[in-house]
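**Student:** Residue numbers (numbering that gives the first Met the number 0): 0 to 294.
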Amino acid sequence: MPDQEQLTRFETGRGFIAALDQSGGSTPKALRLYGVDESEYSSSEEMFDLIHAARVRVVTSRAFTSGRILGAILFEGTLDRQIDGRGFVDYLWKGKGIVPFLKIDKGMQDEQDGVQVMREIPGLDELLSRARAAGVFGTKERSVIHSANAAGIDRVVAQQFEVAERVLAADLVPIVEPEVDIKAPDKAEAEALLKAAIVERLDALGDRKIALKITLPSVDGFYSDLVAHPAVARVVALSGGYSRDEANASLSRNPGLIASFSRALLDGLTAQQSDEEFDRTLDASIESIHRASIA
Numbered sequence: 000m001p002d003q004e005q006l007t008r009f010e011t012g013r014g015f016i017a018a019l020d021q022s023g024g025s026t027p028k029a030l031r032l033y034g035v036d037e038s039e040y041s042s043s044e045e046m047f048d049l050i051h052a053a054r055v056r057v058v059t060s061r062a063f064t065s066g067r068i069l070g071a072i073l074f075e076g077t078l079d080r081q082i083d084g085r086g087f088v089d090y091l092w093k094g095k096g097i098v099p100f101l102k103i104d105k106g107m108q109d110e111q112d113g114v115q116v117m118r119e120i121p122g123l124d125e126l127l128s129r130a131r132a133a134g135v136f137g138t139k140e141r142s143v144i145h146s147a148n149a150a151g152i153d154r155v156v157a158q159q160f161e162v163a164e165r166v167l168a169a170d171l172v173p174i175v176e177p178e179v180d181i182k183a184p185d186k187a188e189a190e191a192l193l194k195a196a197i198v199e200r201l202d203a204l205g206d207r208k209i210a211l212k213i214t215l216p217s218v219d220g221f222y223s224d225l226v227a228h229p230a231v232a233r234v235v236a237l238s239g240g241y242s243r244d245e246a247n248a249s250l251s252r253n254p255g256l257i258a259s260f261s262r263a264l265l266d267g268l269t270a271q272q273s274d275e276e277f278d279r280t281l282d283a284s285i286e287s288i289h290r291a292s293i294a
């Protein structure tokens, strides 16, 4: 069984999820936005050290507290990292009361039938066991939908729920993330197909629970029935390329959804800022996203 204290906090807490799971492909861009140019590192090890330092600066900030943040999604390499001599996961939960999640996907395959399904995840069972032992509560796995292709969308959802079954078997809570590209020409139709495919599979879960991470919908309130579904612990929304202001405005029009933002959370933070300026910028970002999440 998942940790019941963490499950209660995740299901009932007021706040949002911080997505701090930048991986190999997304790290160079994240570092550029943070004010660290690619010329400042010459290996993947140096790159990951720099993004780890940025993550540490975020989670140790006085602004990053459980009063507004329910959970944080981490990159696999973070499992082996420390903060002040403590494991990163231990620091988050026991030190700050923030529920730890782990990104487990290894990226996506090339687009086919209007979607990108996940690549194979080698060593998944071992990774889940290691995550559980470290104190991780749940996982996150991402696919992307680019158009309203029914066959493609069903393939995405089928794969997501197959992985979710393995996560549940490891006593972890999966965050199923079938992102709909905000630039999809038929986004609303794709969302309708996606929701139908998800609902079809939720009933088979019985008393087990998953979470959903979805793109902010074209129609306000569109996912309210998923929020209320007994097999859904939480529905969280990604910013998906919207600006923070746009994402917050949409979020506030969708009661029951909470944020799981990455770029929209970290926007405006740079390595060159003083600690005071960094904390002030992060505090303003967290406050705006928190207010939108509890609206």
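Glycine residues also receive a C-beta, built at the ideal position from the N, C-alpha and C atoms.
Between L225 and L73, what straight-line distance do the alpha-carbon atoms span, to the nearest angstrom?
**Tutor:** One C-alpha to the other measures close to 25 angstroms.
**Student:** Excluding five sequence neighbours on each side, which residues of the same chain lie with their C-beta closer than 6 angstroms to the C-beta of T138?
**Tutor:** Excluding residues within five positions, the ones whose Cβ falls inside 6 angstroms are L101, I103, V166, L171, P173.
**Student:** Check this for me: beta carbons of L309 and A230, under 8 angstroms apart or not?
**Tutor:** Nothing can be reported for residue 309: it is not among the residues displayed for the chain, which extend from 0 to 294.
**Student:** Excluding sequence positions up to five away, which residues of its chain have a Cβ less than 6 angstroms from the Cβ of G240?
**Tutor:** The residues are I181.
**Student:** For E276, tell me which candidate among V57, E10, P184 has the shortest Cα-Cα distance.
**Tutor:** Taking only the C-alpha atoms, the option nearest E276 is V57.
**Student:** List the endpoints of the continuous alpha helix (DSSP H) containing G151.
**Tutor:** Its alpha helix (DSSP H) spans residues 149 to 168.
**Student:** From this set, S128, A163, D112, which residue's C-alpha is nearest H145's C-alpha?
**Tutor:** It is D112 whose Cα lies nearest to the Cα of H145.
**Student:** Specify, as a first and last residue, the run of the beta strand (DSSP E) that V198 falls within.
**Tutor:** That residue, V198, is in no beta strand (DSSP E); its alpha helix (DSSP H) goes 186 to 201.
**Student:** Quick test of the definition: if touching needs 3 or more C-beta pairs under 8 angstroms, does the segment 209 to 226 touch the segment 32 to 41?
**Tutor:** Taking 8 angstroms as the limit for Cβ pairs, the verdict is that the segment 32 to 41 does not touch the segment 209 to 226.
**Student:** At which residue ranges does the segment 62 to 133 contain complete beta strand (DSSP E) runs of 3 or more residues, listed in the order of the chain?
**Tutor:** Listed in chain order, they are 68 to 73, 98 to 102.
**Student:** Assuming the contact rule is C-beta atoms closer than 8 angstroms, H289 and R61 should be a hit. Round their C-beta distance to whole Å, please.
**Tutor:** Contact doesn't hold; Cβ gap of about 15 angstroms is too wide.
**Student:** Nearest by alpha-carbon distance to L265: which of R31, M0, R8 is it?
**Tutor:** Selected option, being the one with the closest Cα: R31.
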